[in-house]
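K.L.:
Going by the UniProt record's numbering, 165 is the number at position 165 of the first sequence; the sequence numbering is gapless.
Can you keep this structure in mind? I'll have questions shortly.
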Amino acid sequence: MLHQKIPPPTFPLLRRLSTTTTPTGFSLNLPKLEPSNDAELITQILITNHNPFHFTESPLQLHGISLSPHLVNQTLLRLRHNSKIALSFFQHLRSSPSPPTTPTSFNLLIDILAKVRQFDVVRHLISETDPSPETFLILVKRLIAAGLTRQALRTFDDAPTFLQTPFTLHHFAFLLDTLCKYGHTRLAVGVFNERRSVLGSDAKIYTILIAGWCKLRRIDTAERLLSEMIESGIEPNVVTYNVLLNGICRTASLHPEERFEKNVRSAEKVFDEMRERGIEPDVTSFSIVLHMYSRAHKSELSLDKLKLMKVKGISPTVETYTSVVKCLCSCGRLEEAEELLEEMVGDGISPSSATYNCFFKEYKGRKDVSGAMDLYKKMRGGLCEVNTRTYNVLLGAFVNLGKMEIVEEIWCDLRGSVTGPDLDSYTCLVHGLCGKEKWREACGYFVEMIERGFLPQKVTFETLYKGLIQSNKLRTWRRLKKKLDEESITFGSEFQRYPFQPYKR
DNA sequence: TACCTGTAGG
1 MLHQKIPPPT
11 FPLLRRLSTT
21 TTPTGFSLNL
31 PKLEPSNDAE
41 LITQILITNH
51 NPFHFTESPL
61 QLHGISLSPH
71 LVNQTLLRLR
81 HNSKIALSFF
91 QHLRSSPSPP
101 TTPTSFNLLI
111 DILAKVRQFD
121 VVRHLISETD
131 PSPETFLILV
141 KRLIAAGLTR
151 QALRTFDDAP
161 TFLQTPFTLH
171 HFAFLLDTLC
181 KYGHTRLAVG
191 VFNERRSVLG
201 SDAKIYTILI
211 AGWCKLRRID
221 TAERLLSEMI
231 ESGIEPNVVT
241 YNVLLNGICR
251 TASLHPEERF
261 EKNVRSAEKV
271 FDEMRERGIE
281 PDVTSFSIVL
291 HMYSRAHKSE
301 LSLDKLKLMK
311 VKGISPTVET
321 YTSVVKCLCS
331 CGRLEEAEEL
341 LEEMVGDGIS
351 PSSATYNCFF
361 KEYKGRKDVS
371 GAMDLYKKMR
381 GGLCEVNTRT
391 YNVLLGAFVN
401 LGKMEIVEEI
411 WCDLRGSVTG
421 PDLDSYTCLV
431 HGLCGKEKWR
441 EACGYFVEMI
451 ERGFLPQKVT
461 FETLYKGLIQ
471 SNKLRTWRRL
481 KKKLDEESIT
491 FGSEFQRYPF
501 QPYKR
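Encoded structure:
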């Protein structure tokens, strides 16, 4: 049995947690615990606020609540960056009399382990369970991601001996797609040519390979493959053309005007070719082109295309509209962007927070505090859900403007929001406080972010470190250092090399 | 089990 061989986890955070005398130790106010039906709620709170391994033994069991398969998956998802704990958590569950683990949670664990290249452990686990084709596909994907393509192919070939059901063309497509996604298009084409006589081929497979060449910016090769596909009697579909279109539009260079125009012409050519073959462009086709216009700040073209697609009877989605709104905002045409918002609503599509973020970005560029705050207030008033990304845009804007009192207000709202601050929020805040030379506060938030499981960027640490040294804040620095040691966090070797020497002004 | 767009900001 594998779980007997796995040593208990020795992560510092976990070690510290398991030695606390009270099993819960939560500082937050939990709602009144109801053993019967509040497991979901409680778990949600615990997962978002604390290391979830903590709760598996303590509060839930304390209240007679057992883990449902859904909660097991949630927990594993939360543990996905901490493979050792994930593994011992899983083994711990599996050793119980009626394990709540499922094939899904098993696959989740396999993915977590394979992501950190624990391939031996993965193979071992697979060999002692009843794996599904998906299990192998996950492994294959992670092997390819790790650059071990040969092993991946061998795994794919060996898998059927472990399985009741053999791989189908669908699984073969997954293999080729993964190879292409990680840039091994040439290999994918080789594998395809080798086995097409046995496994066959379809439009999907060709589309995958065409996308692979587009990813490598080999548009000419992609086009050749498309002709080959047509010659061999397989009709391309709208997705095939969208892939090619996206390849052209993404690699398009935007600035020398002539180059941009040339790209617009090649995109138009794809549209023509589609129509010739009787394939109507869809929302995606238009979105791809609109995105290119938006990147090139071509608001006129953008509006024209939007009009055209509506004439053609294709309904734009929120994302389509957002692309155009973004383009108008980035061209400084805020009024027209607002008009477009109304048009959207008239079409029965509510703008998303991403749509409003375009406005915030423009306000930020204009240093328009009241404009930004007005919109923010409206959103909070029920206009639209304010998500963490919106908060981050706002934080960035007001940190840039040095309006720390507004930053504080927004931070307060962010803390109370559903998702709460993320790595970007903390990074932004700490950098802002450093810019204002509020070292102690910055340090407080730096420690807090680590405690909440966000690994700070090296540049954040460096900024704080330099600031603390230059302003001679020895005590604060020691506190920070202690925290880093506790969590075994290091930021490169250069800081270990130099013993701490406060800079004398 | 993802054949295609969309974040944000370089």
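Idealized CB from N, CA, C, for every residue including glycine.
Roughly how many whole angstroms lie between the Cα atoms of Gln470 and Leu394?
P.N.:
Along the first sequence, read from residue 1 onward, the residue named residue 470 stands at position 470. Along the first sequence, read from residue 1 onward, the residue named residue 394 stands at position 394. Taking the straight line from one Cα to the other gives about 30 angstroms.
K.L.:
In angstroms with no decimal places, state the Cα-to-Cα distance between Gly435 and Leu468.
P.N.:
Within the first sequence, residue 435 is the residue found at index 435, counting from 1. Within the first sequence, residue 468 is the residue found at index 468, counting from 1. Approximately 12 angstroms, taken between the alpha carbons.
K.L.:
By the 10 Å Cβ neighbour count, where 16 or more other Cβ atoms means buried, how is Ile138 classified, buried or exposed?
P.N.:
Against the first sequence, residue 138 aligns to sequence position 138. Looking at its Cβ environment, which holds 16 or more other Cβ atoms inside 10 Å, Ile138 is buried.
K.L.:
So which of Arg224, Asn237, Glu223 has the shortest CA-CA distance to Asp202?
P.N.:
As a first step, residue 202 must be located in the first sequence, where it is residue number 202. Checked all of Arg224, Asn237, Glu223; the closest Cα to Asp202 is Asn237.
K.L.:
DSSP state of Pro131, grouped into three classes?
P.N.:
Position 131 of the first sequence holds residue 131. The answer is coil: DSSP assigns Pro131 none of H, G, I, E or B.
K.L.:
Quick one: residues in its chain with C-beta nearer than 7 angstroms to the C-beta of Lys483, no 5 flanking neighbours on either side, listed in chain order?
P.N.:
On the first sequence, position 483 is the one that residue 483 refers to. Val447, Ile450.
K.L.:
For Val122 versus Pro100, is the C-beta spacing smaller than 8 angstroms?
P.N.:
The count along the first sequence starts at 1 and reaches residue 122 at position 122. The count along the first sequence starts at 1 and reaches residue 100 at position 100. Cβ distance not < 8 angstroms, so Val122 and Pro100 don't count as in contact.
K.L.:
At the level of alpha carbons, what is the spacing between Cys327 and Ser299?
P.N.:
Working through the first sequence from its first residue, we reach residue 327 at position 327. Working through the first sequence from its first residue, we reach residue 299 at position 299. Taking the straight line joining both Cα atoms gives about 6 angstroms.
K.L.:
Is the distance from the Cβ of Thr320 to the Cβ of Ser353 below 8 angstroms?
P.N.:
In the first sequence, residue 320 corresponds to position 320, counting from 1. In the first sequence, residue 353 corresponds to position 353, counting from 1. With respect to Ser353, Thr320 sits apart: the two C-beta atoms are not nearer than 8 angstroms.
K.L.:
Taking 8 angstroms as the limit between beta carbons, can you name the residues of its chain near Asn357, skipping five residues before and five after?
P.N.:
Indexing the first sequence from 1 puts residue 357 at position 357. So the qualifying residues of the chain are Arg389, Thr390, Val393.
K.L.:
Could you tell me the distance, in whole angstroms, from the CA atom of Ser68 to the CA atom of Leu169?
P.N.:
If you number the first sequence from 1, residue 68 lands on position 68. If you number the first sequence from 1, residue 169 lands on position 169. The straight-line gap from Cα to Cα measures roughly 35 angstroms.
K.L.:
According to DSSP, is Leu254 helix, strand or coil?
P.N.:
Position 254 of the first sequence, counted from the start, is the residue given in the question as residue 254. In the structure shown, Leu254 sits in coil (DSSP, three-state: anything other than H, G, I, E or B).
K.L.:
Quick one: what does DSSP say Thr207 is sitting in, helix, strand or coil?
P.N.:
The count along the first sequence starts at 1 and reaches residue 207 at position 207. The answer is helix: DSSP assigns Thr207 an H, G or I state.
K.L.:
Leaving out five residues before and five after Lys364 in sequence, what residues of the same chain have Cβ atoms less than 6 angstroms from its Cβ?
P.N.:
Taking the first sequence and counting its residues from 1, one reaches residue 364 at position 364. Same-chain partners within the cutoff: Ala397.
K.L.:
Between Phe491 and the rest of its own chain, which residues show a CB-CB distance below 6 angstroms, the 5 nearest in sequence each way excluded?
P.N.:
If you number the first sequence from 1, residue 491 lands on position 491. The beta carbon of Phe491 is closer than 6 angstroms to those of Lys458, Phe461 in its chain, skipping five residues each way along the sequence.
K.L.:
To the nearest angstrom, how far is it from the Cα of Gly212 to the Cα of Thr284?
P.N.:
Walking along the first sequence from the start, residue 212 turns up at place 212. Walking along the first sequence from the start, residue 284 turns up at place 284. Cα to Cα, Gly212 sits roughly 18 angstroms from Thr284.
K.L.:
Check whether the segment 192-200 touches the segment 216-229, taking contact to mean three or more Cβ pairs, one atom from each stretch, closer than 8 angstroms.
P.N.:
no
K.L.:
Quick check: the Cα distance between Ser173 and Glu235, rounded to an integer number of angstroms?
P.N.:
Taking the first sequence and counting its residues from 1, the one referred to as residue 173 is at position 173. Taking the first sequence and counting its residues from 1, the one referred to as residue 235 is at position 235. What sits at residue 173 in the sequence shown is Ala, not Ser. About 17 angstroms.
K.L.:
Comparing C-alpha positions only, which one of Thr185, Leu179, Ser132 sits nearest to Phe167?
P.N.:
Here residue 167 corresponds to residue number 167 of the first sequence, with the count starting at 1. Of the candidates Thr185, Leu179, Ser132, the one whose C-alpha sits nearest the C-alpha of Phe167 is Ser132.
K.L.:
Could you check whether Val407 and Gly432 sit closer than 8 angstroms to each other, using their CB atoms as the reference points?
P.N.:
Residue numbering aside, residue 432 sits at position 432 when the first sequence is read from its first letter. Residue numbering aside, residue 407 sits at position 407 when the first sequence is read from its first letter. The answer is yes: Cβ separation under 8 angstroms.
K.L.:
For Pro456, report the span of its alpha helix (DSSP H) as first-last.
P.N.:
If you number the first sequence from 1, residue 456 lands on position 456. Here Pro456 belongs to no alpha helix (DSSP H), and DSSP marks it neither H nor E.
K.L.:
With 16 as the cutoff for other CB atoms within 10 Å, does Gln164 come out buried or exposed?
P.N.:
Position 164 of the first sequence, counted from the start, is the residue given in the question as residue 164. Counting Cβ neighbours within 10 Å, Gln164 comes out exposed, since fewer than 16 surround it.
K.L.:
How should Pro31 be labelled, buried or exposed, when 16 other C-beta atoms within 10 angstroms of its C-beta is the threshold for buried?
P.N.:
Counting from 1 along the first sequence, the entry for residue 31 is found at position 31. Confidence at Pro31 is low in this model, with a pLDDT of 37, below 50, so the placement of that residue is unreliable and no value is reported for it.
K.L.:
Should Glu362 go down as buried or exposed, given a rule of 16 or more other Cβ atoms within 10 Å for buried?
P.N.:
For this step, residue 362 is matched to residue 362 along the first sequence. With 16 or more Cβ atoms within 10 Å of its Cβ, Glu362 is classed as buried.
K.L.:
For my contact list, Leu77 and Leu108 are in at a C-beta cut-off of 8 angstroms; report their separation, rounded to the angstrom.
P.N.:
Numbered from 1 along the first sequence, position 77 holds the residue referred to as residue 77. Numbered from 1 along the first sequence, position 108 holds the residue referred to as residue 108. Sure, about 7 angstroms apart at Cβ, within 8 angstroms.
K.L.:
Less than 7 angstroms between C-beta atoms, sequence neighbours within five positions excluded: which residues of the same chain meet that for Arg295?
P.N.:
Here residue 295 refers to the residue found at position 295 when the first sequence is read from its first residue. Excluding residues within five positions, the ones whose Cβ falls inside 7 angstroms are Leu254.
K.L.:
Give the DSSP-derived three-state secondary structure of Gly247 in the structure shown.
P.N.:
Position 247 of the first sequence, counting from 1, holds the residue named residue 247. Here Gly247 sits in helix by DSSP.
K.L.:
Which residue wins for smallest C-alpha separation from Glu134, given the options Arg150, Phe162, Ser83?
P.N.:
By one-based count along the first sequence, residue 134 stands at place 134. It is Phe162.
K.L.:
Buried or exposed for Asp111, please, with buried defined as at least 16 other CB atoms from any protein chain shown within 10 angstroms of its CB.
P.N.:
Counting from 1 along the first sequence, the entry for residue 111 is found at position 111. Burial call: buried.
K.L.:
Please report the distance separating the alpha-carbon of Arg265 from that of Lys204.
P.N.:
By one-based count along the first sequence, residue 265 stands at place 265. By one-based count along the first sequence, residue 204 stands at place 204. Cα to Cα, Arg265 sits roughly 26 angstroms from Lys204.
K.L.:
In the structure shown, what three-state DSSP assignment does Leu262 receive?
P.N.:
Sequence index remark: in the first sequence, residue 262 carries index 262 (1-based). It should be noted that the sequence gives Lys, not Leu, for residue 262. In the structure shown, Lys262 sits in a helix (DSSP, three-state: H, G or I).
K.L.:
Here's the rule I'm using: 16 or more other beta-carbon atoms within 10 Å means buried, otherwise exposed. How should Lys377 be labelled?
P.N.:
Locating residue 377 in the first sequence gives position 377, where the first residue counts as 1. So Lys377 ends up on the exposed side.
K.L.:
Within a Cβ cutoff of 6 angstroms, which residues of the same chain sit near Ile489, ignoring the five residues on either side of it in sequence?
P.N.:
By one-based count along the first sequence, residue 489 stands at place 489. Within the same chain, Ile489 has no close Cβ partners at all.
K.L.:
What does the alpha-carbon distance come out to for the pair Asn242 and Thr322?
P.N.:
Position 242 of the first sequence holds residue 242. Position 322 of the first sequence holds residue 322. In a straight line, the C-alpha of Asn242 is about 19 angstroms away from that of Thr322.
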